[in-house]
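Student: In our numbering, the protein residues as written are 555 to 1138.
A virtual CB, placed ideally from N, CA and C, is assigned to each residue, including glycine.
As the structure is a prediction and not an experimental result, all values here were calculated from the model.
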């Protein structure tokens, strides 16, 4: 195996790229989707006005656009391209490639938090549903209650999503072993197949069908009215336009400025009607970033970048959180069948246990240079940043020849914590919308988060001592936990320096091997940046509807609730506006 191939295989393990061969070639032909146009085909000065302009065709933006278009004229602006026809997106077995791809055409945009954790944000129609592990599980009832949502409408909105893009997995052997191991370790009862957040062990839903074909939020656009819905791709919104005339009670959002794939500049505007809104659904990184670039945020931060202040709000970009994940690599005596997240253990200690296994890649997958997102970069974590060079990277690639063969035959058991309680912030690097802002999550800053991680690792140790896993290991008797911790230190890639006591102190192991499973949120919190109806406080005609408004991540995985939120808020807005029109 040559050096590049070894790097690709190891990278696959790092990003938990575990999959099943599939095609689903005829999926697109079954959908009645609206036309997707490149942004360059939009007039430089847009004469057509819209009832709603949605910024971000992602997990929340797509169901929101589809719902609003049933009654009103909607413009959906997505900075990335189409997911259809890209087998790195649609095939489960190519899951890892999108996350490692740093080419301009990539559906993901990698970033590294100031904490040193490698992360990614979506840049494709369908958003995070195009690059995630596919697991689908609803929020717990207390999350819905705390959000102040209408429980009846929530329970109508989840099924609207589920009947269109969610499936039940055929449980893979590794997932079955986790299920049985969880139960024997005391994470009970067994709740069978369920979308609901239930304490104990269950099998959740997935957006991959039985052939391994991914169904994304973009599919939900087929539920919209194609006569009312216009979708522009490669449309990067860099500023929201406001009417700030003197005498106005508060600034009003009236349009947007965006650039196309060729760098051309365009504008689009709302209709001058009561109820018309610009809705930001650009995700937990993109939404606070766009508010800041548009002049809404801390005054000192805006002044630093010579951005005119439209509204001073010290809370924009604050309270950023990411659910920390730590995983244990378990080598097996035989190659394991590929699987992504299917089974979950929900403990009453605020810890979730999941698993993934195997590695594959289709022969005709789309390949790109992986650059900074490659696993080799993670091996430089003990070298000062200024000393990291291409030569050093090559040295670490060569050193991978010494890795034991079993590192490529196995799976991960991972734990992540509910919440979390640790928070950080997001600040601009420059005024380019294509740049990643500086994001800090402060993983494990709060001691309770660290205690939960230790509890999770100890729970994994109990699971691994059950016969369901010891029988699968190379020696048939399992491995000492210290041996597995040693292997896992190398398998969990980040830029955090390692310590000599990583295998003796679980607290240090948690800090040094923390990675992400892309459940970051915050930056535009309800009550601080937006109100209960997701209207930006102090601004007319502007809302933020996505996970940036949350203080914590819902359930074991946020995907289901972000999708539901798009549908839910679409229905809420329609009811409110139609009710006003009817004089109700």
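For residue 723, collect the residues of the same chain with a Cβ closer than 6 Å to its Cβ; drop the 5 residues on either side in sequence, then sort them by chain order.
Tutor: Leaving aside the five residues that flank residue 723 on each side, the residues in its chain whose CB is nearer than 6 Å to its CB run, in chain order, 760, 896.
Student: What residue range does the alpha helix (DSSP H) around residue 650 cover?
Tutor: Membership of residue 650 in the alpha helix (DSSP H) is indicated by the continuous run 649-654.
Student: Between which residues of its own chain and residue 590 is the CB-CB distance below 6 Å, once the five residues before and five after are set aside?
Tutor: 636, 785, 787
Student: Apart from the five residues on each side of it in sequence, which residues of its chain come closer than 8 Å, Cβ to Cβ, to residue 755?
Tutor: Answer for residue 755: 733, 736, 737, 741, 742, 743, 744, 745, 897, 898, 899, 900, listed in chain order.
Student: Could you tell me whether the stretch 695-711 touches the stretch 775-784, where touching means 3 or more Cβ pairs closer than 8 Å?
Tutor: no
Student: Hey, would you say residue 906 sits closer than 8 Å to residue 970, going by beta carbons?
Tutor: In this structure, residue 970 lies closer than 8 Å to residue 906 by Cβ.
Student: Could you check whether residue 837 and residue 973 sit closer than 8 Å to each other, using their CB atoms as the reference points?
Tutor: no
Student: Using 8 Å as the Cβ pair cut-off and three pairs as the minimum, do the stretch 838-848 and the stretch 1067-1084 touch?
Tutor: yes
Student: Considering only the beta carbon of each residue, do residue 628 and residue 783 sit closer than 8 Å?
Tutor: yes
Student: Counting only runs of 3+ residues fully inside the stretch 711-796, write out the beta strand (DSSP E) ranges in chain order.
Tutor: If only complete runs of 3 or more residues are kept, the stretch 711-796 shows the beta strand (DSSP E) at 744-747, 754-757, 783-787, in order along the chain.
Student: Identify every run of the beta strand (DSSP E) within the stretch 583-638, keeping only runs that are complete inside it and at least 3 residues long; order them along the chain.
Tutor: 590-592, 599-604, 606-609, 628-631
Student: To the nearest angstrom, how far is the alpha carbon of residue 676 from that of residue 981?
Tutor: 19 Å
Student: Under 8 Å, with one C-beta from each stretch per pair, do the stretch 994-1004 and the stretch 1120-1129 reach the 3-pair mark?
Tutor: no
Student: Can you confirm whether the stretch 858-872 touches the stretch 1008-1019 when touching is taken to mean that 3 or more C-beta pairs between the two stretches lie within less than 8 Å?
Tutor: no
Student: Determine the contact status of residue 749 and residue 757, defining contact as a CB-CB distance below 8 Å.
Tutor: no
Student: Output the distance between the C-alpha atoms of residue 640 and residue 772, rounded to the nearest integer angstrom.
Tutor: 13 Å
Student: Are residue 909 and residue 964 closer than 8 Å when you measure CB to CB?
Tutor: The answer is no: Cβ separation not under 8 Å.
Student: Is the beta carbon of residue 818 less than 8 Å from the beta carbon of residue 594?
Tutor: yes
Student: With DSSP run on the structure shown, which of helix, strand or coil describes residue 1022?
Tutor: helix
Student: For residue 859, which residues in the same chain have their Cβ closer than 6 Å to its Cβ, ignoring the five residues on either side in sequence?
Tutor: 982, 985
Student: By alpha-carbon positions, which one of 797, 874, 1071 ends up nearest to residue 683?
Tutor: 1071
Student: Helix, strand or coil for residue 964, going by three-state DSSP, please let me know.
Tutor: strand
Student: With DSSP run on the structure shown, which of helix, strand or coil describes residue 641?
Tutor: In the structure shown, residue 641 adopts helical secondary structure according to DSSP, grouped into three states.
Student: Taking 8 Å as the threshold, find out whether the stretch 639-653 comes into contact with the stretch 610-621 through three or more Cβ pairs.
Tutor: no
Student: Below 7 Å CB to CB, which residues in the same chain sit around residue 1088 once its five sequence neighbours on both sides are set aside?
Tutor: 1097, 1098, 1099, 1103, 1123
Student: Taking residue 909 as part of the beta strand (DSSP E), name the residues at either end of that continuous run.
Tutor: 905-911
Student: Would you mind giving the Cβ-Cβ distance between residue 1027 and residue 886, rounded to the nearest angstrom? I have them listed as a contact below 8 Å.
Tutor: 6 Å
Student: Between the beta-carbon of residue 1093 and the beta-carbon of residue 822, is there less than 8 Å?
Tutor: no
Student: Please identify the residue among 671, 892, 903 whose C-alpha is closest to the C-alpha of residue 1004.
Tutor: 903
Student: Have a look at residue 1066 and residue 605 and give me their C-alpha separation to the nearest angstrom.
Tutor: 49 Å
Student: Where DSSP assigns a beta bridge to residue 1051, which residues make up the other side?
Tutor: DSSP, once it has assigned bridges, lists no residue as partnering residue 1051.
Student: For residue 789 versus residue 631, is the C-beta spacing smaller than 8 Å?
Tutor: yes
Student: Look at the Cβ atom of residue 797, then the Cβ atom of residue 806, and state whether they are nearer than 8 Å.
Tutor: yes
Student: How many angstroms separate the CA atom of residue 768 from the CA atom of residue 638?
Tutor: 10 Å
Student: Express the C-alpha separation of residue 668 and residue 1048 in angstroms, rounding to a whole number.
Tutor: Spanning the alpha carbons of residue 1048 and residue 668 requires a straight line of approximately 11 Å.
Student: So the beta strand (DSSP E) residue 897 belongs to, where does it begin and stop?
Tutor: Here the beta strand (DSSP E) through residue 897 covers 897-900.
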